[in-house]
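This report concerns only the one structure given below.
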Amino acid sequence: MSTLTITYADETRQVKCAPNQLIGEIIAANGLSLEQPCAGRGTCGKCKVIAEGALAPHDEVEQKHLLVAERAANVRLACRARVIGDARVTLMPVVVYSNKIFARSNEFRTNDDSLGLAIDLGSTTVAAFLVSLKTGTVYAGAGALNQQTLFGADVIARLYAAARNADKLSALAQSSIFQALAALKLSKRVLTRIERVIIVGNTAMHHLLMRYPVDRIAVLPFQPHNRASIRDAGDFFGNLFPERARVALPPLIGGFVGSDTTACLASFDYDRVRVPMLAIDLGTNGEVMATDGDAILVASTAAGPAFEGVNISCGTRAVDGAIIDARVEDGNLRVTTIANRAPIGIAGSGLFSLIHALRGAGVIEESGRFAGNHATLPIDRSSDVARVVVNERVALSQMDIRELQKAKAAIRVAADILLEKLNVAPRDLRRVILTGSFGSQLNKDALIGIGLLPDVDRARIEMVANGAGLGAALFLREEGFARGESLAARAEHVELNSEPGFNARFVDALKLSSGE
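According to my numbering, the sequence shown holds residues -13 to 502 in order.
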């Protein structure tokens, strides 16, 4: 008998297996979850795992379904890979989101326009958009979980992992892009019309994808190995994209501020609208962009993945049943969920709204602590961590509140510092834009009430579902790519850690109030 060591999330177990047994059979026999839509027939290519040790060579089915980069990084199909001795396997998270969120038009299925792909390689979510090269129309989009989360939600952990195995981190990024493209469900006829691909991401995602050295970006002062644009990646991506597609990556700006911010600047017309403006890309690596109508300042801050429902005890992404809004009426907590289903978890937008509602009802104090018991909203203190129960499946814990406090404080301090440097008061802002993978469900009162934003005119707050992805679509044309290069050169990166009093300001910004 051989031993197979199986790792998933924080769990590791060792199991015995017979010679020549399939990895998928072993996983299923031990009660672990593995996505196999084709029931193990080898036709879908979804059951990817990372496997090392004594394994039979790749067969023809694996050669067909796995990218070149994946094969080099020990990715296998569990339904085809056989264990012939002691081996190790890591289960890969695969979460594909519905493309209906980004669906705009099906014209691409009936016309003959040349097409492009705009890819937003986010730290947590990877989004792919199909675009007409003739008209610039964004037809549809879809997304998937960035499988690099195997190495942790935070970017620094991935950079340290890449120092030991750069190929594996690049392969996971490429595999995530492949999942996002697969979710678009494009026919072979449509795929053959794809001529251009643009990939944007923060500096860490860019370097991990391209297998750049990461030693300088992982430590202060966080310097990129190379900020220059890549106008043609050649055959670097192997069989990831259609054969005729030319792949390009716009320039980075500085520090962790990458080409996704460049794309946002283009999407929000920072080079064309001459008014004071603030934009925030809410994500694991949050970016803040500010202008007085002339100078453009940008900064990056480690907000963490709370905005995307990660590291929240009952957090979830934007799926049916996810809480996206909350209010307290007549002493009772009311929640709104996607598709009006029974609550199954709390999405990022719901986390803002839920904490704001409970803060307004006096259940949560300005410090973030739970207050004494509420008459109709009792606090469950039966376990080590206090929580407010929504239903039998969903609750908001004290630690969840702390996660949001840290995330929103990081963003708020960055915004305050950039506006002060530009001598722009919050009341003078003409546009305040929030973007990210959360969609457009954020409650404006909640954003101001808990202190993510200063007390600005709510009519000037805009929500954009994916500014980076839509901005990347603008770069598919040559003139758009040149515009991106110009914007990246013009924007000035501010290193927040070197700003006087940053730590004290961060602590003060943890308060759940507007802080005006």
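Idealized CB from N, CA, C, for every residue including glycine.
If you check the CB distance, leucine 251 and leucine 473 come in under 9 angstroms.
Bridge partners of histidine 479 according to DSSP: Val284. Around the Cβ of arginine 379, a 10 Å sphere holds fewer than 16 other Cβ atoms; the residue is exposed. Taking a C-beta distance under 9 angstroms as the contact criterion, leucine 8 and isoleucine -8 do not qualify as a contact pair. Valine 69 carries a strand assignment under DSSP once its states are collapsed to helix, strand and coil.
The alpha-carbon separation between cysteine 65 and asparagine 132 amounts to approximately 22 angstroms.
Proximity of the region 159 to 175 to the region 319 to 337 falls short of the contact definition, fewer than three beta-carbon pairs being nearer than 8 angstroms. The C-alpha of asparagine 429 is placed about 15 angstroms away from the C-alpha of alanine 308.
Two segments are said to touch when three or more pairs of C-beta atoms, one from each, lie closer than 8 angstroms; by this definition the region 109 to 117 touches the region 127 to 142. By the 16-neighbour rule on beta-carbons within 10 angstroms, lysine 50 is exposed.
Secondary structure of alanine 276 (DSSP, three-state): strand.
Here alanine 104 is buried, its C-beta having at least 16 other C-beta atoms within 10 Å. For lysine 171, there is no enclosing alpha helix (DSSP H), since its DSSP letter is neither H nor E. Sorting Leu439, Asp280, Met385, Ser286 by C-alpha distance to the C-alpha of glutamate 273 places Ser286 at the top.
Under the Cβ criterion (8 angstroms, minimum of three pairs), the region 222 to 241 counts as touching the region 184 to 196.
Sequence-distant partners of valine 261 (beyond 5 residues in either direction) whose C-beta falls short of 6 angstroms from its own C-beta, in its chain, are Gly279, Arg416. Here leucine 206 carries a coil assignment [DSSP, helix/strand/coil]. Listed in chain order, the non-local C-beta contacts of isoleucine 310 below 7 angstroms within the same chain comprise Thr322, Thr323, Ile324, Ala333, Ser335, Gly336, Gln427, local neighbours out to five positions each way being set aside. Considering only Ser118, Ala328, Asn188, Asp106, the residue with the shortest C-alpha distance to asparagine 97 is Ser118.
Contact between valine 284 and valine 480 holds, since their C-beta atoms are separated by about 7 angstroms, short of 8 angstroms.
Between the C-alpha atoms of glutamate 315 and valine 349 there is a straight-line separation of about 13 angstroms. Annotated three-state conformation of phenylalanine 461 is coil, per DSSP. Going by beta carbons, alanine 234 and arginine 182 fall inside the 9 angstroms limit. Counting of Cβ neighbours within 10 angstroms places glutamate 352 among the exposed residues, the total staying below 16.
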